[in-house]
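Working notes, beginning with the structure itself.
There are 2 protein chains.
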Amino acid sequence: MVEHRTSPHHSGPGRAAEKPHDHDACIDTAIARARALCEERSVQLTPIREKVLQIVWRSHKPVGAYQVLDELSRTHKAARPPTVYRALDFLIAEGLIHKIESLNAYLGCGEAGVAHTSQFLICRSCGTTEEIVDPKLDQALDAAAKRARFTVERKVVEIAGLCGRCAG
Amino acid sequence: MVEHRTSPHHSGPGRAAEKPHDHDACIDTAIARARALCEERSVQLTPIREKVLQIVWRSHKPVGAYQVLDELSRTHKAARPPTVYRALDFLIAEGLIHKIESLNAYLGCGEAGVAHTSQFLICRSCGTTEEIVDPKLDQALDAAAKRARFTVERKVVEIAGLCGRCAG
DNA sequence: TGGGGGGATGATACAATATAACTTTGGGGC
DNA sequence: GCCCCAAAGTTATATTGTATCATCCCCCCA
Chain A
1 MVEHRTSPHH SGPGRAAEKP HDHDACIDTA IARARALCEE RSVQLTPIRE
51 KVLQIVWRSH KPVGAYQVLD ELSRTHKAAR PPTVYRALDF LIAEGLIHKI
101 ESLNAYLGCG EAGVAHTSQF LICRSCGTTE EIVDPKLDQA LDAAAKRARF
151 TVERKVVEIA GLCGRCAG
Chain B
1 MVEHRTSPHH SGPGRAAEKP HDHDACIDTA IARARALCEE RSVQLTPIRE
51 KVLQIVWRSH KPVGAYQVLD ELSRTHKAAR PPTVYRALDF LIAEGLIHKI
101 ESLNAYLGCG EAGVAHTSQF LICRSCGTTE EIVDPKLDQA LDAAAKRARF
151 TVERKVVEIA GLCGRCAG
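Chains as they are written, first to last, in this note's numbering: chain A, 1 to 168; chain B, 1 to 168.
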């Protein structure tokens, strides 16, 4: 169900099919960054929140809230849906994870702490979802909204299809 | 709950705050187009499907499936969730409505029968959701996907914020 | 030092969205 | 008449997400 360290997959925008991906390091980096950011912002990355962040980061596939709950329950018997949704809400508010709307699922944010708008490439075959940051695309969104006299607050861009690995 | 004929709101991409919108005519056009398209394609726009299409078209706000169910039940006592979801699935497959993923709700398609990829501007204040078709934006999406060696099958672009009317 | 406030979590219940699986209906072709 | 098939009926359940109130715990500070 969950990907572990040895599974090789691509790691960054526009750089598919390169060297294997050390996912443990990937998680560790994300957690360390999250700790630093929460420290900076004087918000609490509590044990539950950190655990949920870790669970979401265990793969590069979006994870459902109840899947998070299952995992969390193993170490935290008292966990219930609100436990998970509160943690997810916190992590989203702090920009540490994203919600993938078309899947009702959650994904670790690869750009935590950096101002950005991201887009997602969701492979329907392997489930791997890549976060990309494309300023041109983002500008095109802003321009389109502006033409319609629309004030943008939130952007959802999710592209579903086949990743290079699965199509190739 | 539902908007009726006299409610004026803007009607097309990039043309906010113009003359009142005759929504009855808007619905009628959509239904007529749907009939013609289904005829052409030899698929059945059954009474239930047409009624659901009409319900979705009653406003320019996305409508939830259970809201559709409530309305449908008034004239169709046997209606149940599968009744509605089947009709919605059919209408989506035929390109007559769209699902707004970030709201889990459904919206009439203003470009039925024309090949297009659309984007949505969702006003958080009044709920009105405008479908726009912006080829530049669409190209930017394709270009971004291509750079990541990703084969696009479906695109979800939803921008939430304030429409001109509500921001102004 | 103990009382109050607030953020986080516990706990229970439920709401909202969506699908599975099997049955029945009805119209068209043979 | 009989079969076939798409559509709709029917029942049950799965999945996703919230509301609400209680409790805990830490920090502040009078």
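Heads up, the beta-carbon is just placed ideally off N, CA and C, and yes, glycines get one too.
query	result
Please confirm if A/F90 has its CB atom under 7 Å from at least one CB of chain B.	no
Which bits of chain B does A/I132 rub up against, with CB to CB less than 7 Å?	A144, A148
Where A/A36 and A/H98 are concerned, what is the direct C-alpha to C-alpha distance, given to the nearest angstrom?	19 Å
Any beta carbon of chain B sitting closer than 7 Å to that of A/K155?	yes
If we cut at 7 Å on Cβ distances, does A/T117 have a partner in chain B?	no
State the CB to CB distance for the pair A/A143 and B/L121, rounded to an integer number of angstroms; the pair is presumed to be in contact (CB under 8 Å).	That belief does not hold up - the Cβ atoms of A/A143 and B/L121 are roughly 13 Å apart, past 8 Å.
Tell me the rounded alpha-carbon separation between B/E158 and B/T46.	30 Å
Closer than 6 Å to a non-hydrogen atom of the ligand GTP - does that hold for the CB of A/A167?	This structure simply doesn't include the ligand GTP, nor any ligand for that matter.
For B/R74, does the count of other Cβ atoms within 10 angstroms reach 16, so buried, or fall short, so exposed?	exposed
Which residues mark the beginning and the end of the alpha helix (DSSP H) in which B/H176 is found?	With chain B running from 1 to 168 in the structure shown, residue 176 of chain B is simply not present.
Can you tell me which of B/C163, B/A30, B/A167, B/I55 puts its alpha carbon nearest to the alpha carbon of B/L69?	B/I55
Counting contacts by CB-CB distance shorter than 7 Å, is A/G161 in contact with chain B?	yes
Using DSSP's beta-bridge definition, name the partner residues of B/A112.	For B/A112, which the question treats as bridged, DSSP gives no partner whatsoever.
Buried or exposed for B/Y66, going by 16 or more other Cβ atoms inside 10 Å?	exposed
Could you tell me which whole beta strand (DSSP E) segments of length 3 or greater appear in the region 100 to 168 of chain A?	105 to 108, 119 to 123, 129 to 132, 151 to 162
Is the CB of A/K77 under 7 Å away from at least one CB in chain B?	no
Taking B/A211 and B/S102 to be in contact with their CB atoms under 8 Å, please state how far apart those CB atoms are, rounded to whole angstroms.	Outside the displayed range of chain B (1 to 168) lies residue 211 of chain B, so it cannot be described from this structure.
Between A/L53 and A/L107, which are expected to be in contact by the criterion C-beta below 8 Å, what is the C-beta distance as a whole number of angstroms?	With 8 Å as the limit, A/L53 and A/L107 do not qualify as a contact, their Cβ atoms being about 11 Å apart.
Counting only Cβ-Cβ distances shorter than 9 Å, please list the residues of the region 34 to 67 of chain A near chain B, keeping chain order.	none
What is the rounded straight-line gap between the Cα of A/C166 and the Cα of A/S125?	7 Å
Output the distance between the C-alpha atoms of A/T151 and B/R80, rounded to the nearest integer angstrom.	38 Å
On the CB-based measure, 16 or more other CB atoms within 10 Å of its CB, does B/S42 come out buried or exposed?	exposed
For A/A34, is the classification buried or exposed, using 16 other Cβ atoms within 10 angstroms of its Cβ as the cut-off for buried?	buried
Taking Cβ to Cβ, would you say A/L137 is nearer than 7 Å to B/A105?	no
Measure how close the beta-carbons of A/I48 and A/A93 come, nearest whole angstrom, since I'm counting them as under 8 Å.	Rounded, the Cβ-Cβ distance is 15 Å, inconsistent with contact.
Determine the burial state of B/P82: buried for a count of at least 16 other Cβ atoms within 10 Å of its Cβ, exposed for fewer.	exposed
Which residues in the same chain have their Cβ closer than 6 Å to the Cβ of A/W57, if we skip the five residues on either side of it in sequence?	I27, A30, G108
Expressed to the nearest angstrom, what Euclidean distance is found between the alpha-carbon atoms of B/I100 and A/E131?	21 Å
Between B/T151 and chain A, is there a C-beta pair that is closer than 7 Å?	yes
In chain A, which residues lie with their C-beta within 8 Å of the C-beta of B/E101?	E101, S102, V156, E158
Just curious, the alpha helix (DSSP H) that A/K51 is in, first and last residue?	47 to 56
Return the Cβ separation of A/L96 and A/A112 in integer angstroms, given the expectation that the two are a contact with Cβ distance under 8 Å.	5 Å
So, is the C-beta of A/G249 closer than 7 Å to a C-beta in chain B?	With chain A covering only 1 through 168, there is no way to say anything about residue 249 of chain A.
For B/H9, count neighbouring Cβ atoms within 10 angstroms of its own Cβ and tell me buried if that reaches 16, exposed if not.	Summary for B/H9: the model assigns pLDDT 42, below 50, so the residue's position carries little reliability, and this model does not support an answer.
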